[in-house]
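In my numbering, the protein residues as written are 1109 to 1363. All residues carry an ideal CB built from backbone N, CA and C; glycine is no exception.
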Ligand code: NI
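Written as structure tokens, this is what we have:
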């Protein structure tokens, strides 16, 4: 049994939701967590979770959508968080990749959502792109807000960054990038993260794992990431898959 701990089934690129669910069931994926990027995708995640038993969801504001994060949206997130299938505040974080971003509003929105997660007794699914230094600094300064831990999704950082996150009690989630031929530094990370702190995900519809790189990604592909992790850990895939399921249930307590 496999779990996709971070995906975007609500994305309009995945047109036929019933087909997506059928294929993940066929691939033995029993749980997929749809992460929200703003109010509308968080609400879509909730709707999908009510339609399909395999789907759970996260509610949150992605750093690239942070301009729309206001008091009204905080109220909506609070409402959504009470749903029995809302397992996280996410995805939240920092993204300094694209030109024209507002660093201060990203940082403020991120910290506000960390506070929200603590109040709501939920964990956080965190996105970090080109912002490692600020990310580690903010997490260290706000360690008191991390009582329900968190996961660095689609990890792409160094061994040193992974170690810093582990010290903060964070989980590390590996995506399709782990299966790429040029994944050397990520493989080093996968070797040092204790299996009890590893998660797997697709971040679909993006980042398809090998051999589907370049095509539309779906949660049905998560076993390919788990298989690669098992290979790196020199462990049996069933053992790794079952440990990841246990880890996910420890972190996302409503699963
Ligand atoms: Ni994502």
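Let me see if you follow: with CB-CB separation under 8 Å, is residue i close to chain D or not?
i            : result
residue 1189 : Going by chain labels, chain D is absent from the structure shown, which holds only one protein chain.
Go ahead and pull the three-state DSSP assignment for residue i.
i            : result
residue 1218 : helix
residue 1199 : strand
residue 1252 : helix
residue 1307 : strand
residue 1111 : strand
residue 1137 : strand
residue 1143 : coil
residue 1163 : strand
Return the residue from the list the options that minimises the CA-CA distance to residue i.
i            : options                : result
residue 1342 : 1232, 1215, 1300       : 1300
residue 1252 : 1216, 1286, 1226       : 1226
residue 1173 : 1184, 1155, 1146, 1192 : 1146
residue 1123 : 1312, 1291, 1355       : 1312
residue 1355 : 1183, 1215, 1277, 1265 : 1277
residue 1116 : 1297, 1315, 1266       : 1315
residue 1213 : 1171, 1187, 1240       : 1171
residue 1121 : 1363, 1326, 1351, 1352 : 1326
residue 1334 : 1324, 1350, 1320       : 1350
residue 1367 : 1229, 1230, 1245, 1228 : There is simply no residue 1367 to check, as the chain begins at 1109 and stops at 1363 in what is shown.
residue 1168 : 1158, 1186, 1156, 1157 : 1186
Let's see if you can read the secondary structure: which residues bound the alpha helix (DSSP H) around residue i?
i            : result
residue 1128 : 1125–1134
residue 1330 : 1330–1341
residue 1186 : 1179–1189
residue 1237 : Looking at the DSSP string, residue 1237 is not in any alpha helix (DSSP H); the run it does join, the beta strand (DSSP E), is 1231–1237.
residue 1353 : 1345–1359
residue 1153 : 1147–1159
residue 1300 : 1292–1300
residue 1269 : 1267–1275
Is any heavy atom in the ligand NI found nearer than 7 Å to the beta carbon of residue i?
i            : result
residue 1143 : yes
residue 1118 : no
residue 1235 : yes
residue 1207 : no
residue 1326 : no
residue 1311 : yes
residue 1199 : yes
residue 1261 : yes
residue 1191 : no
residue 1114 : yes
If you follow the beta strand (DSSP E) that residue i is part of, which residue opens it and which one closes it?
i            : result
residue 1280 : 1279–1282
residue 1258 : 1258–1260
Taking 8 Å as the cut-off, does the stretch 1172–1185 touch the stretch 1340–1359 (at least 3 CB pairs, one atom from each stretch)? no
Give a yes or no on contact between the stretch 1261–1279 and the stretch 1216–1225, applying the rule of three or more CB pairs nearer than 8 Å. Touching, no.
Sufficient close CB pairs (3 or more, under 8 Å) joining the stretch 1140–1158 to the stretch 1193–1209: yes
Is there contact here, the stretch 1306–1326 with the stretch 1274–1290, by at least three beta-carbon pairs under 8 Å? Output reads yes: the stretch 1274–1290 touches the stretch 1306–1326.
Would you say the stretch 1160–1170 touches the stretch 1131–1143, given that touching needs at least three Cβ pairs under 8 Å? yes
Segment contact, 8 Å Cβ cut-off, at least three pairs: the stretch 1252–1265 with the stretch 1206–1214: no
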